[in-house]
Every structure is written in C-alpha cells, then in structure tokens.
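Residue numbers (full-length UniProt numbering): 1 to 323. Scroll down for the structure; my scribbles are underneath it.
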C-alpha cells in the first residue's frame with residue numbers, strides 16, 4: 001500500500017513539473033467529422049425550406065387561376081341565362097408564333113373574279129389539244145380528278161401521265177374561281193413533298209389544272225387498302241414507314257409556312273404517294289369534296305368541320321397555325 005501511494009505521488013509530481021498536456025476524452029474538442037455532419041444537416045434543412053416555399057407559391061398560383069376560371073365561367077353562364085348577348089362570343093386561343101403565315105379569310109376569295117383568276121395563271125396555260133383525258137379517278141360534288149395524258153410541246157409523240165383536275169358541268173363560276181385560285185398558290189413550289197401545278201388549260205367552259213402524276217394515288221385510299229390486306233401482303237407497311245410518311249408531311253408543311261402559303265385542309269386525303277413511299281401534299285381542292293364522311297356540304301365548297309380549328313369555324317380565319 002505504501003509503495004503504491006509513493007508511486008502515485010511521484011507520478012503526480014512529474015506531471016506538475018513537466019509541460020505535457022494530459023488527454024482527457026470527456027472534455028475533448030469536437031472532431032472534423034462532427035463539423036461536417038452539422039454543415040450537411042444545415043444544407044439539407046435549407047434545401048427543404050426552399051422547396052417548401054416553391055411548392056407553396058405554385059399552389060397559390062394554381063388556386064388563383066382556378067378561382068379566375070370559375071369566376072369567368074360563372075359570369076358568362078349567368079349572363080347567358082339572363083339575356084342573350086348582343087356581342088359575338090369571344091373565344092380564347094393561343095397567339096400564333098412570329099413565323100406564322102398571315103391570317104386570311106375564306107370570304108376574301110369571293111372578291112376574285114374568274115377573269116382575274118385566269119389572268120394569274122395565264123403564263124402557264126397550254127392548248128387543249130395537248131391534253132387527252134382518260135378514266136375518272138375521283139369524283140366529288142363540284143369537281144373530279146381525271147387520269148390524263150400530256151403531249152410534249154416540242155415532240156408530240158412524247159407523252160407524260162398527269163392528274164387533271166376540273167369542275168363538273170353544273171359547277172358555278174365561284175367554284176371554278178376557287179379551284180383556280182387555290183391551285184395558283186402552289187405554282188412555283190420546288191419541294192420533294194409538295195405537288196405543284198405544272199400547267200393549266202383555260203380553253204372552253206371548264207378550266208383544267210394539270211398536276212404531277214403519282215402511280216399509287218391518294219394516300220388515304222392507300223392506307224385503307226394496307227389496313228384491309230393480310231399481313232403477308234407486300235403492300236402492308238410497317239410502323240417505321242408510317243413515321244417516315246409523317247415526317248415527310250411535316251417537312252412539306254414547314255416549307256409552305258416559310259412561303260406564307262396556307263393549306264387550309266391538311267389531311268391524308270389531300271396527299272398522294274408513289275411507289276417509293278414518297279408522300280406529296282396536294283392542294284385542298286384535289287379531294288376536298290369526294291369523301292362525304294370527312295366533309296360537311298356547303299354552298300360552294302365542302303368543309304372538313306371535324307378537323308377545323310375554332311377560329312376557322314367561327315370567323316373563317318385561316319393561318320399556318322390552324323393547319
């Protein structure tokens with residue numbers, strides 16, 4: 001016992017005389033890992049706080065929008081129940097982009113006379129003697145498409161197959177003017193997915209529009225046939241080929257938009273296809289009235305009401321956006 005106490009006294013005396021610091025695990029300072037943990041927790045709390053603020057702002061914004069829509073609908077319904085409004089109904093629509101074609105109205109075509117429409121295409125007019133009409137391919141309310149043969153101007157023995165678009169015997173002057181005016185917009189187009197007019201024939205009572213010939217004909221009829229055939233039929237098309245057709249149509253419409261040409265009725269019924277599955281967009285008068293289930297009969301033209309934009313139905317406003 002005396003020996004142990006003497007050793008403890010010596011040890012304590014040695015510690016007092018020396019300048020070394022004795023490590024005390026209880027009163028030790030925090031380590032670096034503890035500081036990192038505190039910083040991480042602080043950052044996480046800050047991020048959670050910012051996310052909560054953002055969600056709250058979005059929620060308040062959506063609630064204000066819902067309240068505004070409810071107030072508009074309630075006010076309009078109460079106004080409609082009380083008495084009919086003398087002002088025309090205003091419909092909200094997105095503003096067209098800056099590169100959109102200008103808005104036109106169908107009623108503006110009525111101001112164009114038949115003589116004026118003929119004058120615009122007079123430079124590409126050809127003699128009636130160069131055209132030989134064959135079978136009727138498509139027939140509608142006001143016009144029809146005929147398979148024709150066009151003789152070469154320099155060599156009459158050289159012939160080319162064409163589509164000939166013309167009106168029926170009972171067609172009015174307004175309908176003939178509409179056909180020439182719509183076809184005139186497609187002259188001078190040079191794009192692999194657009195069908196330009198090559199010539200017109202103004203002789204006689206019924207004008208004719210000469211178009212490029214494709215050996216597979218209308219795209220809608222082609223898709224119908226492919227849908228009905230068996231899977232092992234060579235005419236069956238794959239999903240990849242369908243996507244490729246859609247891309248071709250988009251490229252053609254993009255070219256029309258850059259030229260500020262409004263198509264007015266983009267649909268597969270207004271497209272033709274050839275043997276290489278190349279799709280070509282035609283004008284809306286090519287097959288605009290020969291599919292009764294796709295159009296609503298009108299005075300001088302049949303309108304595709306089911307696919308028309310709201311502003312086109314109400315105000316007859318047409319633009320590249322309404323396509």
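Ideal Cβ placement from N, Cα and C applies to all residues, glycine included.
Bounding residues of the beta strand (DSSP E) (the contiguous stretch that carries residue i)
i           : result
residue 134 : 131-139
residue 166 : 159-167
residue 212 : 208-212
residue 261 : No beta strand (DSSP E) contains residue 261, which DSSP labels as neither H nor E.
residue 198 : 197-201
residue 126 : Here residue 126 belongs to no beta strand (DSSP E), and DSSP marks it neither H nor E.
Collapsed DSSP secondary structure at residue i in the structure displayed
i           : result
residue 97  : Model confidence at residue 97 stands at a pLDDT of 48, short of 50, so the residue's coordinates are unreliable; what they give is reported in the following sentence. Of the three classes helix, strand and coil, the one that applies to residue 97 here is coil, per DSSP.
residue 89  : Model confidence at residue 89 stands at a pLDDT of 42, short of 50, so the residue's coordinates are unreliable; what they give is reported in the following sentence. Note: residue 89 maps to coil in three-state DSSP.
residue 148 : strand
residue 32  : helix
residue 307 : helix
residue 268 : helix
residue 55  : helix
residue 219 : helix
CB contact flag (residue i, residue j, <8 Å)
i           : j           : result
residue 224 : residue 275 : no
residue 227 : residue 268 : no
residue 164 : residue 197 : no
residue 183 : residue 283 : yes
residue 177 : residue 117 : yes
residue 150 : residue 157 : no
residue 138 : residue 147 : no
residue 211 : residue 162 : yes
residue 262 : residue 187 : no
residue 255 : residue 194 : yes
residue 112 : residue 181 : yes
Identity of the residue in the options nearest residue i by Cα
i           : options           : result
residue 167 : 56, 214, 201, 152 : 201
residue 278 : 112, 218, 60      : 218
residue 248 : 280, 258, 53      : 280
residue 122 : 162, 251, 45, 203 : 203
residue 141 : 54, 35, 171, 250  : 171
residue 189 : 253, 242, 311     : 253
residue 192 : 185, 238, 251     : 251
Start and end residues, alpha helix (DSSP H) containing residue i
i           : result
residue 118 : 114-120
residue 244 : 239-258
residue 177 : 173-184
residue 313 : 310-315
8 Å contact criterion, which residue i and residue j should meet: CB distance rounded
i           : j           : result
residue 209 : residue 179 : 7 Å
residue 304 : residue 265 : 6 Å
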